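K.L.:
Numbering (the working numbering), first residue to last: 2 to 499.
Even glycine gets a Cβ: it sits at the ideal position worked out from N, Cα and C.
Remember, it's a predicted structure, so these values are computed and weren't measured experimentally.
Below you will find the structure I want to go over with you.
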């Protein structure tokens, strides 16, 4: 074993939350080493696979203009950005998690969302309106919906690159291809990390450690153990390196598990996507425009209310429902009336798609589906649509079905205008909801609910924030908020004056 290396703060992971922790620690004058398990060309954790959307509370266009000073007069004039208050953010977090979200952590997330995203801007992260995913043009004007209006320039890869550049500029040392193995721990707390790089095991000593290494979604065994049977068959949307190392290391020193261990963020994902995320494709294997069509399973039957709510309030829970269908797959079906609303992810080369000029031809092309039942399902659905209610993709328009066992509550259009398109989907898991218990200072708590000295956590491996579902854009925001808190607290704890 080589001679120990030293830093005030070690951060395990190199995604959004990890770099926010590293940058916050450097702000306080701490020396920082970041350990990234992945090689440099795959670095960034799940962050690199995201679109970079971030949900935060804002009072109006003035807040957005401060965050995005490059907004043009034309953009401002032709866009209705609306507002998204803290109360609305609280309501969304409560409603979508069935009011199970930890109240203290949720309050910290909501109230610190705007200050944190402005802090990220000060570190060189550039934000732009998320036009392509969260706004439709109606009567010549874009209108945002669903409480999320911004994304990072360049998406997830742009966010990772901006944070990496800021960290390097601030003197953060980044060790790529360096896997954290265990924590160095005694009765007085955590004092560093044992790690392995280039087949060499060594110790890195520190006064504080921040764990920000993601959830366990890429660990087939843990998925099956905690999420349940069948989850070994799910596709992993993001990095292959998030196998629960940070959680395991913390458990080994007595950390308390917390949150929705049987829950996760999982969505509709191309049926033939690879086992893990592909950086060349990014998040474009996702298929999120189902509110404008219908979804049928192998039996040719609908099984969800596609229009129950805006997409970013339902997509993270529907992956689980898709996985539970016969064969673990389904097909999304659209007609010409709405295909112009489909996002770019439906137009990539790596897509499982069929087209047809008649419904009879279409259902015959739906692989592994009962075509006769699928045609009956479509015909019954068509006859139940309230065509007297106007269609509006920017609001919950109330254009619904009547008399169906599984209703479609909004955006119900008849499927009668060829050509028809259908896309094969399965479950893509994004991140797991169970993790470590922390307090509002991001200190990891032990099983007696006492802080473990010198140990902090942020990002996906924190439990208690999300249960069963998730408002789109909240994962990156939570990672940034608690990453900043963790880095600040870890550096203060490492200060010789404390």
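Considering only C-alpha positions, which residue in the set 166, 60, 87 is nearest to residue 23?
P.N.:
Taking only the C-alpha atoms, the option nearest residue 23 is 166.
K.L.:
Give me, in chain order, the residues of the same chain whose beta-carbon lies closer than 6 Å to that of residue 232; leave out the 5 immediate sequence neighbours on both sides.
P.N.:
Excluding sequence neighbours, residue 232 sits near 224, 225.
K.L.:
What does the alpha-carbon distance come out to for the pair residue 437 and residue 101?
P.N.:
Cα to Cα, the separation comes out at about 16 Å.
K.L.:
Should residue 1 be labelled buried (16 or more other beta-carbon atoms within 10 Å of its own) or exposed?
P.N.:
Residue 1 lies beyond the residue range present for the chain, which begins at 2 and ends at 499; the question has no answer from this structure.
K.L.:
The beta strand (DSSP E) with residue 137 in it runs from where to where?
P.N.:
Counting along the chain, the beta strand (DSSP E) containing residue 137 begins and ends at 136–139.
K.L.:
Could you compute how far the alpha carbon of residue 325 sits from the alpha carbon of residue 319?
P.N.:
Computed Cα separation, rounded: 10 Å.
K.L.:
Cβ atoms of residue 397 and residue 380: under 7 Å apart, would you say?
P.N.:
No. Outside cutoff.
K.L.:
Looking at C-beta atoms only, is the number of pairs between the region 261–277 and the region 68–87 that lie closer than 8 Å three or more?
P.N.:
Touching, no.
K.L.:
Mapping DSSP to helix, strand and coil, what is residue 371?
P.N.:
Reduced to three states, the DSSP call for residue 371 is coil.
K.L.:
When DSSP labels each residue in this structure, what does residue 409 get in the three-state scheme?
P.N.:
Residue state, collapsed to three classes: coil.
K.L.:
Look up residue 104 in the DSSP assignment and say whether it is helix, strand or coil.
P.N.:
Of the three classes helix, strand and coil, the one that applies to residue 104 here is helix, per DSSP.
K.L.:
Give the straight-line distance between the Cα atoms of residue 321 and residue 31, rounded to the nearest whole angstrom.
P.N.:
Each residue's alpha carbon lies about 42 Å from the other.
K.L.:
Are the Cβ atoms of residue 435 and residue 270 separated by less than 7 Å?
P.N.:
For residue 435 and residue 270, no; Cβs fall outside 7 Å.
K.L.:
Do you know offhand how far residue 195's Cα is from residue 184's?
P.N.:
Rounded to whole angstroms, residue 195 to residue 184 spans 6 Å at the Cα level.
K.L.:
Just the Cα atoms here: how many angstroms apart are residue 135 and residue 12?
P.N.:
One C-alpha to the other measures close to 33 Å.
K.L.:
Under a Cβ-count criterion, where at least 16 other Cβ atoms within 10 Å of its own Cβ denotes burial, should residue 298 be classed as buried or exposed?
P.N.:
That one is buried.
K.L.:
Counting only the same chain and skipping the five closest in sequence on each side, list residues whose C-beta sits under 6 Å from that of residue 408.
P.N.:
Answer for residue 408: 306, 402, listed in chain order.
K.L.:
Run through DSSP, which three-state label would residue 8 get?
P.N.:
Of the three classes helix, strand and coil, the one that applies to residue 8 here is strand, per DSSP.
K.L.:
Residue 213: buried (16+ other C-beta within 10 angstroms of its C-beta) or exposed?
P.N.:
By the 10 Å Cβ count, residue 213 comes out buried.
K.L.:
What's the call for residue 124, buried or exposed, on a 16-neighbour Cβ count within 10 Å?
P.N.:
By the 10 Å Cβ count, residue 124 comes out buried.
K.L.:
Tell me, to the nearest whole angstrom, how far the beta carbon of residue 57 is from that of residue 118; I am working on the premise that it is less than 8 Å.
P.N.:
About 5 Å; that satisfies the 8 Å criterion.
K.L.:
Can you tell me whether DSSP reads residue 201 as helix, strand or coil?
P.N.:
Residue 201: strand per DSSP, three-state reduction.
K.L.:
What did DSSP end up calling residue 3 once you bin it into helix, strand or coil?
P.N.:
A caution first: residue 3 carries a pLDDT of 36, below 50, which makes its placement in the model too unreliable to give a value.
K.L.:
When you compare only the Cα positions, how much space is there between residue 499 and residue 331?
P.N.:
Note on residue 499: pLDDT 43, under 50, position unreliable in the model; the coordinate value appears next. Their backbone Cα atoms lie some 57 Å apart in a straight line.
K.L.:
Under 7 Å, do residue 36 and residue 236 count as touching if we go by C-beta distance?
P.N.:
Their beta carbons are not under 7 Å apart, which means residue 36 does not touch residue 236 by this criterion.
K.L.:
If I follow the unbroken beta strand (DSSP E) through residue 129, where does it start and stop?
P.N.:
Segment 128–130, the beta strand (DSSP E) holding residue 129.
K.L.:
Would the beta-carbon of residue 202 fall within 7 Å of that of residue 220?
P.N.:
Cβ distance not < 7 Å, so residue 202 and residue 220 don't count as in contact.
K.L.:
Rounded to whole angstroms, how far is the Cβ of residue 82 from the Cβ of residue 65, which I believe are closer than 8 Å?
P.N.:
The Cβ separation is near 6 Å, so the contact holds.
K.L.:
By how many angstroms is the C-alpha of residue 42 removed from the C-alpha of residue 362?
P.N.:
C-alpha separation (whole angstroms): 44 Å.
K.L.:
So the candidates are 421, 300, 343; which of them puts its Cα closest to the Cα of residue 368?
P.N.:
Residue 300 is the option with its Cα nearest to residue 368.
K.L.:
Reducing DSSP to helix, strand and coil, say where residue 113 ends up.
P.N.:
Helix at residue 113.
K.L.:
Alpha carbon to alpha carbon, how far is residue 442 from residue 267?
P.N.:
C-alpha separation (whole angstroms): 29 Å.
K.L.:
Determine the DSSP secondary structure at residue 133, reduced to helix, strand or coil.
P.N.:
Helix.
K.L.:
Measure the Cβ-Cβ separation of residue 336 and residue 421 and say whether it is below 7 Å.
P.N.:
Taking 7 Å as the Cβ cut-off, residue 336 and residue 421 qualify as a contacting pair.
K.L.:
Is the beta carbon of residue 193 sitting closer than 7 Å to the one on residue 182?
P.N.:
Taking 7 Å as the Cβ cut-off, residue 193 and residue 182 do not qualify as a contacting pair.
K.L.:
In or out: residue 349 buried (at least 16 other Cβ within 10 Å) or exposed?
P.N.:
Its Cβ having fewer than 16 others within 10 Å, residue 349 is exposed.
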